[in-house]
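So the working numbering is basically just the index in the sequence shown, starting at one, shifted up by 349.
We treat Cβ as the ideally placed atom computed from N, Cα and C, and that holds for glycine.
None of these values were measured; they are calculated from a predicted model.
Report on the structure given below.
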Amino acid sequence: MAYFVIKFIGPEGGVLSKPIEAITREEAISKSGFHHRNIESVEVDHLGAIRASLTEKRLPQSEQVVSLVTIASKLEGGMTPGRSIMEAVDLKKLDMTTADLAGCERASDYLKILRFDETAILLADAGDKAGDLAGALKRAASVLRERAKTKKEFAKPMKKAILNFIVGSVSAVVFPLFGGNMLNTFVHKQKFPITMNSMSDVLLFLQHFYTTSWPVLLALLVVGFVFRDKLWTATRRWPVCKKFDDRLRSKRALEFVQTYQLLAASGFTNPQVLQFLFERSKGRQRAIYEDALERNVEGRELGAVLETDEWPKIVSQNLKGFEQQNIDGRGRILTTLSEALTEMFINYSESIADTLGILSMITLVISLMMFALGFYLPMATMRMTM
350 MAYFVIKFIG PEGGVLSKPI EAITREEAIS KSGFHHRNIE SVEVDHLGAI RASLTEKRLP
410 QSEQVVSLVT IASKLEGGMT PGRSIMEAVD LKKLDMTTAD LAGCERASDY LKILRFDETA
470 ILLADAGDKA GDLAGALKRA ASVLRERAKT KKEFAKPMKK AILNFIVGSV SAVVFPLFGG
530 NMLNTFVHKQ KFPITMNSMS DVLLFLQHFY TTSWPVLLAL LVVGFVFRDK LWTATRRWPV
590 CKKFDDRLRS KRALEFVQTY QLLAASGFTN PQVLQFLFER SKGRQRAIYE DALERNVEGR
650 ELGAVLETDE WPKIVSQNLK GFEQQNIDGR GRILTTLSEA LTEMFINYSE SIADTLGILS
710 MITLVISLMM FALGFYLPMA TMRMTM
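Here it is as structure tokens:
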């Protein structure tokens, strides 16, 4: 999804603007509800996603789960969808009033305005059409609950990896900065009789490099961020980067299988599932699903559609002949594939954490030795000779 800013002529003749989240300009115009003759321009809002994350209030996922279950219970009690949602959701938390929901007709319309999870909106739409809205909302609540639990479990090894990375990076910068700065002060400013060694020279060099070259390093980071897609394509199969790439592919495949299993059970076809994932993805992942949609249009089976370098080989291997299976057979294939991908994802995450832990420890030891030999040893020698 992208963000667009529509500038239109208001009731009093002035030019007003309205942000719209959509895939294309045409969809943004359609969602706005404005007539073409009243629209002055439609421009891409590059900061729209950041602005929306800071200004748009959403219910936490745990509260969405509670709300969905509550709505389902009210529906089973004979209450209408609109009234059920109005009673179950605290509009004040979202800075909304009943007037904001006045134009909603179906349950999915309400959930969209209330900024519920996209999966909940989609399942509500499917359940409404199938005549089982309460069941669909319960299923959505279960999916969100399980997703939060899984995300929390998967985050553990990566938290360790991030901590290791921070420790290693800080030690590689702080020790040379402190030791080099103190040496520079004692030797060149206060003229202490310190006999420096090769490690002292390294400390002074690193201290000078960090204090004078930070604009260049910052510029390199900015350039790397701008060209991150090309940079990632060039480096993704390098030794350490390969672990991150394998983890990313496993995560993408796991999300696809879980989403496919969920939507297929609600009656969605392969093109509809791929279209759903395409519309809700961004950046490189969006291009991957666009390619999958094109391969699907060519009439390929699901396994062949996903037979590219962007997916783990196990996905295309296990999905060969998938369309020839009955409903139970497909369910078993997807369940076992989901379990295998989960184990792969956890294994890659732990491997990354271990690798960064080793690199962090090596960096820390080298930094400490450099500080001890390059700063502390010359200082201790000076005291002995004074």
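4-residue-minimum alpha helix (DSSP H) runs that sit fully inside the stretch 403 to 474, ordered along the chain
410 to 425, 430 to 437, 456 to 462
With 16 other CB atoms within 10 Å as the buried threshold, where does Arg-432 fall?
Exposed.
Roughly how far, in whole angstroms, is the beta-carbon of Leu-493 from the beta-carbon of Ala-473, given that I think they are within contact range, below 8 Å?
In fact, because the Cβ distance is near 12 Å, the residues do not count as touching under 8 Å.
Opposing strand residues paired with Phe-357 [DSSP bridges]
Answer by DSSP bridge pairing, in chain order: Leu-365, Ile-388.
Looking at the unbroken alpha helix (DSSP H) that takes in Thr-685, where does it start and where does it end?
676 to 720
How would you call Lys-423, buried or exposed, if buried means at least 16 neighbouring beta carbons within 10 angstroms?
buried
Three Cβ pairs or more, each shorter than 8 Å: is that satisfied between the stretch 638 to 652 and the stretch 483 to 503?
Under the three-pair Cβ rule at 8 Å, the stretch 638 to 652 does not count as touching the stretch 483 to 503.
Would you tell me roughly how many angstroms separate the C-alpha atoms of Arg-586 and Leu-580, rounded to the nearest one?
11 Å
Alpha carbon to alpha carbon, what distance is there between Met-710 and Phe-554?
A direct Cα-to-Cα measurement between Phe-554 and Met-710 gives close to 22 Å.
Short of 6 Å in beta carbon distance, which residues of its chain neighbour Val-664, apart from the five on each side in sequence? Order them along the chain.
Answer for Val-664: Ala-602, Leu-655, listed in chain order.
Identify which residue in Ile-355, Phe-625, Leu-726, Phe-357 has its Cα closest to the Cα of Ile-543.
Leu-726
Residues sharing a beta bridge with Val-393, DSSP
Looking at the DSSP assignment, Val-393 forms a beta bridge with Phe-353.
Of all the options Thr-447, Glu-405, Ala-437, Thr-429, which has the alpha carbon lying nearest to the alpha carbon of Leu-417?
Ala-437
Integer Cβ distance of Arg-596 from Pro-661, believed to fall under 8 Å:
About 10 Å; that fails the 8 Å criterion.
Which runs of the alpha helix (DSSP H) spanning at least 4 residues fall entirely within the stretch 529 to 609, listed in chain order?
547 to 561, 563 to 575, 577 to 584
With distances taken from CA atoms, which of Asn-667, Asp-578, Ala-702, Asp-677 is nearest Glu-688?
Asn-667
Using three-state DSSP, classify Glu-370 as helix, strand or coil.
In the structure shown, Glu-370 sits in a strand (DSSP, three-state: E or B).
Kindly list the residues whose CB is nearer than 7 Å to the CB of Phe-627, restricted to its own chain and excluding five residues on each side of it in sequence; keep chain order.
These residues qualify, in order along the chain: Arg-635, Tyr-638, Glu-639, Leu-642.
Measure the alpha-carbon distance for Asp-444 versus Ile-695 and round it to whole angstroms.
39 Å
Please list the terminal residues of the continuous alpha helix (DSSP H) segment that includes Asn-620.
Just to set this straight, residue 620 is Pro in the shown sequence, not Asn. It spans 619 to 628 - the alpha helix (DSSP H) in which Pro-620 sits, taken as one unbroken run.
When you compare the CB positions of Asp-466 and Gln-413, do they come within less than 8 Å of one another, or not?
Contact flag set, yes.
Contacts around Thr-730, its chain only, beta-carbon distance under 7 Å, and the 5 residues preceding and following it disregarded
For Thr-730, the CB contacts under 7 Å within the same chain, skipping 5 residues up- and downstream, are Thr-544 in chain order.
Determine the contact status of Ala-521 and Thr-712, defining contact as a CB-CB distance below 8 Å.
yes
Three-state secondary structure (DSSP) at Pro-727?
helix
Quick one: grab the DSSP three-state call for Asp-481.
When DSSP states are grouped into helix, strand and coil, Asp-481 belongs to the coil group.
DSSP state of Arg-649 mapped onto helix, strand, coil
DSSP places Arg-649 in coil when its eight states are reduced to three.
Classification of Phe-574 by the beta-carbon crowding that lies within 10 angstroms, buried from 16 upward:
exposed
Would you please verify whether the beta carbon of Lys-600 is less than 8 Å from any beta carbon of chain D?
The structure shown contains no chain D, having only a single protein chain.
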